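Each protein sequence line maps, in turn, to chains H and D. Numbered per this note's numbering, the first sequence finishes at 679, counting up by one with no gaps. Numbered per this note's numbering, the second sequence finishes at 679, counting up by one with no gaps. The beta carbon of each residue, even a glycine, is placed where N, CA and C say it ideally should be. Bear in mind that the values here come from a model prediction, so they are computed numbers and not experimental data.
Protein chains: 2
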Amino acid sequence: MKSVECESETDIESNKQEGGNQSNTSQTKSLLLSDEWKPYLRPRTIVKEWLLKLRCCFGAVCGLEWYGFAALGILTAFLSFLMDFSVLKLLKAHQWLYMKLDNNSLLQFLCWTLYPVCLCVVGSTFSHNICPYSTGSGIPEVRTILVGFEMPHYLSVTHLFTKYVGLICTLAAGSTIFLGKVGPFVHLSTMVGAYLSNLCSLIQTKHRDNASREMLVVAAGVGVASCFGAPISGVLFSVEVMSSHFALRQYVPCFLSAACGGLTFRLFSMWSGDEETLQVLFKTNFPTAIPFYPLEILLFAFLGLLCGAVSCCYLYLHRTVQQFTKTNSVLKKMLTTEKGLYAGMVAFLLACVTFPHFAGQYMASKYTMKQLLTSLMDSRQWGSQTHNASVQLEPEPWFEWISTGNPFYFSLTFFLLMKMWMLVLACTLPVPAGYFMPVFVYGAALGRLVGDGAAHMFSLTSINPGGYALAGAAAYSGAVTHTLSPALLAVEVTGQYSHAVPALVATLLANGVARSRHRPSFYDALSIGKRLPHLPSLKKVFPQLPSTPVGQVLGGKSVQLQKAAGPAEVQDAVDSSTETQIPVVDSHESQILLGFVLRSELLMFLRHSKNETIEKHLDEVCCIHPISVLLSPHNTIQEAYSILSLVGAQTLFVADGGRLVGLLTWPEMKRILEDLTKEI
Amino acid sequence: MKSVECESETDIESNKQEGGNQSNTSQTKSLLLSDEWKPYLRPRTIVKEWLLKLRCCFGAVCGLEWYGFAALGILTAFLSFLMDFSVLKLLKAHQWLYMKLDNNSLLQFLCWTLYPVCLCVVGSTFSHNICPYSTGSGIPEVRTILVGFEMPHYLSVTHLFTKYVGLICTLAAGSTIFLGKVGPFVHLSTMVGAYLSNLCSLIQTKHRDNASREMLVVAAGVGVASCFGAPISGVLFSVEVMSSHFALRQYVPCFLSAACGGLTFRLFSMWSGDEETLQVLFKTNFPTAIPFYPLEILLFAFLGLLCGAVSCCYLYLHRTVQQFTKTNSVLKKMLTTEKGLYAGMVAFLLACVTFPHFAGQYMASKYTMKQLLTSLMDSRQWGSQTHNASVQLEPEPWFEWISTGNPFYFSLTFFLLMKMWMLVLACTLPVPAGYFMPVFVYGAALGRLVGDGAAHMFSLTSINPGGYALAGAAAYSGAVTHTLSPALLAVEVTGQYSHAVPALVATLLANGVARSRHRPSFYDALSIGKRLPHLPSLKKVFPQLPSTPVGQVLGGKSVQLQKAAGPAEVQDAVDSSTETQIPVVDSHESQILLGFVLRSELLMFLRHSKNETIEKHLDEVCCIHPISVLLSPHNTIQEAYSILSLVGAQTLFVADGGRLVGLLTWPEMKRILEDLTKEI
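Laid out in structure tokens, this is it:
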């Protein structure tokens, strides 16, 4: 563990921005207290006094930001529950309608196809018109924001609303479209986090510099946790996907928020569903006495390798189709202007294929995502019980898989083959949608096939195929996203701790296969497709990119001031630069870098110089701040990127032998990355 | 998540040390291939060829370091199993002897007291004589090593052997001494890791710079995993304790190694114990239908707060006693020269108190640590079943707790009060010992008291006190070590996933209480007591330390060369400095820093200059390497420490306005920290 003291970031940032923030804080305070021109002065004063007292009370227990973290978890969980609730109602409505039309196949076909088509068209058009960025998963954008790049339109409240409504439409289209909610929910919780962080900074007396950034980091962790009520793996998943370094300072806030989120989500589920206690999301019935035999570890390892290999196929297909939609002129035009039409067409195609009187009967298309997962993770062997399934009064939870009379391995194989291309196609849909859950279900089906297949082939009656489905789900989703935490996630959503070690083994091996030869993960491919300035993804495609020296790519001459600059030069600098930190050199000839001055101080200097008669020099009035970390032009882009994200949203100065060469900021870094990836 | 690209470290290091390592690699190769002077040339050649082919085969699948990681896990787990096995035999021998002497109280007393006394004296004297550093936990030293400081004697094979044998003695003394194995095992696995990393670097063709460091990081994670067969929480615990930043590059190796370790540990346990399948370490019998009612969350939260408060008392007592043993002249002398005597005296005192015919009967002292934990985590309520306990044929697993006829809350309270000071006393024992497990058991007792007490007081028959014991164990051990992962650890060692959320809530609240007011954790206190140069611990006691500017504390003038230096000046510099990187300035007058030269190049320069007649300047022969990261004297110690540990074991140059001020290396940093903490 490279043990870098996390507080250093805070220190560096706070040193630099001290000047700017004091005025900010007092401004915040005045916003809260002194609106004397508004009506009802007395009642307002009383309410305000009470609010201030309340703030003091809360602040006495712990910092106000901790309430923010807890609120974030609770809010996100509430949003998640509300979404699940609405989606369930919409799905039930569809099922009810389909059942009512039982006599007429044509009407059934129309009901089956038009319902998801309408939802997709509505979702796509709605999100396109209100907030065009809201389609897709959102995880690539969130991790770019967390590195340090500013993308304010990705965190607005409009965006939150659009994504929320659009996602409900997508999920209500059900297993026909076969998309999930994890990715968008990470994005949604980040937006909630950004909003809460603004609220916190309004209330807090003590301004903390990186508070908003910290809240975003926490929010990314909460997303998954409130999606499944799985706090531990939620945080770990977001750590793995989002960052390449994790500061342990953010560990406790993350887990606090995730625990609040997970608990709230489960409590809501309990209250709404008349359950007696807190339950896991996907109930299972594994035998507890002997979860698995030691030799089965080998079969789990084989499953892991298989999942890794299949994930490579899937990722390759996904990249190819993604590339095709970008290059094919018809599709490109359609996806730019006629998103609704495209969404409708794809949804119609998918719905036709899954129609239960057509191919759908061989792939259990009547099941929702949740039913699919529950049926796949059932601990009983399908093979051994097919014969008497029709005799029983209540159908088995996997009845749909064998309803045609074909053996289970036929329907599972058919499901796997069909869903592969259907999922790749669904990924091109311009709607807000998550791509984790379908992959998780796909992996469960793969695991089920291996587990039940082995039991059937070698007549192993004591094997539990549900365990293989669990391990397969973990391994396949881990391989697609290049993460290990799905192993824990699978345990958390089923509550089957006994299978943690096999799931971990399978996930490790699947990751080994998927990560070999520096293949990009699913999210990396999305990042690259969207040309986001995310270096860890970009370097999978442009391997020489990180080792390019900064000196080669640094932009033109930056604005600089000499030590003895007068008001005229300062005015020039203020006019021509928008940076908050402007470098000061010994003289324009020597170029020896002395430090930097803050823009605010320069403005003050200009104001003072107007009132005074004697012209003063810059170094007589302004404080020249020392530079803490200096780069050389020989530093690689990778190093500059790392240091920039370590010290936060700050300017880095590049100097060669003490002489100023240029500035490096996030916008500059973005330009560099865009230039280089265009060039190559 | 501050997303700093981890590869940067590698890049920086590899850039700097390229020159030095090429020669290293070829040297390694020659070691393996060309020992022509040894006998049996032909057989050796054949064996070597086969070995080389084998290496190629292995290397074709994945890098050889991955086999190293897997081997590390398996080896550590084997060591752990072997230790458990030996300890079990020794404990059984003691029990057998004690039972045989059932008629004679005096002999029983002697057996009860002298057995642990002998073991402690042997363990203490053995470790003192062979390797005096091997006493204590080892975690503070390991985390200092992981930051970047070199402490080679802490990773030697002698140390490994001494600690292993000493630890067996300590554990065999059983619940009388009440110490565990987690801490030393982390240290042991780090030593195994260091050894394996040397082995790997001998075999590998491609030399990787930070391979040994990476292996140590992984090893720290494996320690806990192989101790309990708990791979996931093991890695997380070591991440939390060891570092303040975690590079995700090390995530997969850590989990691979931990999964191998956990699996091997459980497989060994299975094979040795005739169990049918892989089992968790501490078996529990929680009801699965309704693990807990939602309102119980409040009781769990109360338990968390209570655990936090008690942990503060414990940590305060521990610090006070630690200070006392340092300042009291008699104890100080005894602990320096007569470790065996001191260990014997303390062990005798502890054994007297726990003697079952004396106070021991009220605190279930006949139970081993494992039995204690199993009895505390039993799901049945003790209170409701005390009446018919004597009627049953086989005693309940908690029989010892109520054998005196006193109600359970009396014995639990007595246990908690007595063990508090006994544990603090045991912590002063100069033997290799872990301090995590006793705290875990103590927390379980606290949880049991709350759970069973609440059930007894409010007559709640459906409550499961075992769940409270689980949550209490997690919360208390989390509070003492300032970590959250015990919540997951408690789940992993019992397999009771249903209680993950309550345990997490309790642990979060306990951590909140324990961390308030910047109190040092248990390991922090050990670090401070041993005056280790570990900044995150030191700053808990010296809050102004991290913000001291580097310029104030930097040592005297460093050795430097000017660009135009001749052989005489270079010879001087080589003689007077031991650094591998020597700074080059423009001229001694201007002091403008240009870069650095490697020591190896200077030696080459000197060799060449002897052969040539015309005197050449430094810059004509040697390559002056550019400096990647430059510090200013205004940087704080915290910042310097962070950057130093980010870039690995490298030299940092400090310059002010382009002029060289000094060098900063780990030994220099150690000196600075020692000076400052002495001063204040």
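Query raised in the report: What do you get for H:G260, buried or exposed, if any count of 16 or more other CB atoms within 10 angstroms of its CB means buried?
Result: buried
Query raised in the report: Going by C-alpha distance, which of D:G657, D:I642 and D:R658 is nearest D:L651?
Result: D:I642
Query raised in the report: In whole angstroms, what separates the C-alpha of H:R379 from that of H:S242?
Result: 40 angstroms
Requested in this report: Determine the DSSP secondary structure at H:D655, reduced to helix, strand or coil.
Outcome: strand
Report task. Note down the Cα distance separating H:A171 from H:L90, rounded to an integer number of angstroms. Result -> 6 angstroms
Query raised in the report: Listed in chain order, which residues of the stretch 243-276 of chain H have Cβ atoms closer than 8 angstroms to some Cβ of chain D?
Result: S243, H244, F245, A246, L247, R248, Q249, Y250, V251, F254, L255, A258, G261, L262, R265, L266, M269, E275 and T276
Query raised in the report: Would you say H:V345 touches the ligand GDP, meaning its beta carbon is less than 7 angstroms from a heavy atom?
Result: This structure lacks the ligand GDP; in fact it carries no ligand of any kind.
**Report entry** Residue range of the alpha helix (DSSP H) that includes D:I138
**Finding:** I138 to V146
Report task. Enumerate, from N- to C-terminal direction, the unbroken alpha helix (DSSP H) stretches of 4 or more residues contained entirely within the stretch 218-257 of chain D. Result -> 230-241
Requested in this report: Answer with yes or no whether the minimum CB distance from D:Y467 to chain H is below 8 angstroms.
Outcome: no
**Report entry** Selected residue, minimal CA-CA separation from H:S627, among D:R598, D:H633 and D:H624
**Finding:** D:H633
**Report entry** Buried or exposed (CB count within 10 angstroms, at least 16 for buried), H:T493
**Finding:** buried
Query raised in the report: Looking at the C-beta of D:L31, does it have a partner C-beta in chain H at a distance below 8 angstroms?
Result: In this predicted model, D:L31 has a pLDDT of only 47, less than 50, meaning its place in the structure is not dependable enough to derive any value.
Requested in this report: Can you say whether D:E491 is buried or exposed, counting buried as having 16 or more other CB atoms within 10 angstroms of its CB?
Outcome: buried
Query - Assigned secondary structure, D:H624 (DSSP; H/G/I helix, E/B strand, else coil) - result: strand
Query raised in the report: How about the stretch 560-572 of chain H and the stretch 602-622 of chain H: do they share at least three Cβ pairs that are nearer than 8 angstroms?
Result: yes
Query raised in the report: How about D:L508 and D:A444: are their beta carbons less than 8 angstroms apart?
Result: no
Query raised in the report: Going by other Cβ atoms of all chains shown within 10 Å of its Cβ, with 16 needed for buried, is D:I231 buried or exposed?
Result: buried
Query raised in the report: Do three or more CB pairs link the stretch 503-519 of chain H to the stretch 467-484 of chain H at distances below 8 angstroms?
Result: yes
Query raised in the report: Helix, strand or coil: how does DSSP classify H:T335 here?
Result: helix
Query raised in the report: For D:N634, which residues in chain H fall below 7 angstroms Cβ to Cβ?
Result: S627
Requested in this report: With a floor of 4 residues, list each alpha helix (DSSP H) that falls wholly inside the stretch 104-178 of chain H, ordered by position along the chain.
Outcome: 104-129, 138-146 and 156-171
Report task. Could you check which residue in D:V423, D:L106 and D:G173 has the C-alpha nearest to that of D:Y313? Result -> D:V423
Query - Distance between H:S410 and H:T112 (C-alpha atoms, nearest Å) - result: 22 angstroms
Report task. Kindly give me the distance between the Cβ atoms of D:Q360 and D:T403, rounded to whole angstroms, as I take these residues to be in contact under 8 angstroms. Result -> 5 angstroms
Query - Cutoff 8 angstroms: D:N23 Cβ touching any chain H Cβ - result: Its pLDDT being 44, under 50, D:N23 is placed unreliably in this model, and the value from its coordinates should be taken loosely. No, D:N23 lies away from the interface with chain H (no Cβ there is under 8 angstroms from its Cβ).
Report task. Say whether the stretch 124-136 of chain H touches the stretch 330-349 of chain H, bearing in mind that this needs 3 or more beta-carbon pairs closer than 8 angstroms, one atom from each stretch. Result -> yes
Query - Contact set between the stretch 493-512 of chain H and chain D, restricted to residues whose Cβ is under 8 angstroms from the partner - result: G494, Q495, Y496, S497, A499, V500, L503, V504, L507, N510 and G511
Query raised in the report: Quick one: any contact between the stretch 542-549 of chain D and the stretch 146-165 of chain D, if contact means 3 or more CB pairs under 8 angstroms?
Result: no
Requested in this report: Please name the residues in the stretch 440-460 of chain H whose beta-carbon is closer than 9 angstroms to at least one beta-carbon of chain D, in chain order.
Outcome: none
Report task. Go ahead and pull the three-state DSSP assignment for D:V329. Result -> helix
Query - Residue span of the alpha helix (DSSP H) that contains H:L96, given as start and end - result: L63 to K99
**Report entry** Neighbourhood of H:Y132 by C-beta, 7 angstroms cutoff - its chain only, sequence neighbours within 5 removed
**Finding:** H152, Y153 and H158
Query raised in the report: With 16 as the cutoff for other CB atoms within 10 Å, does H:L683 come out buried or exposed?
Result: Residue 683 of chain H falls outside the range modelled here, since chain H spans only 0 to 679, and no answer is possible.
Query - Identity of the residues DSSP links to H:I591 by a beta bridge - result: H:R658
Report task. Could you name the residues of chain D that H:C61 contacts, counting a contact when the two beta carbons are closer than 9 angstroms? Result -> G511 and S515
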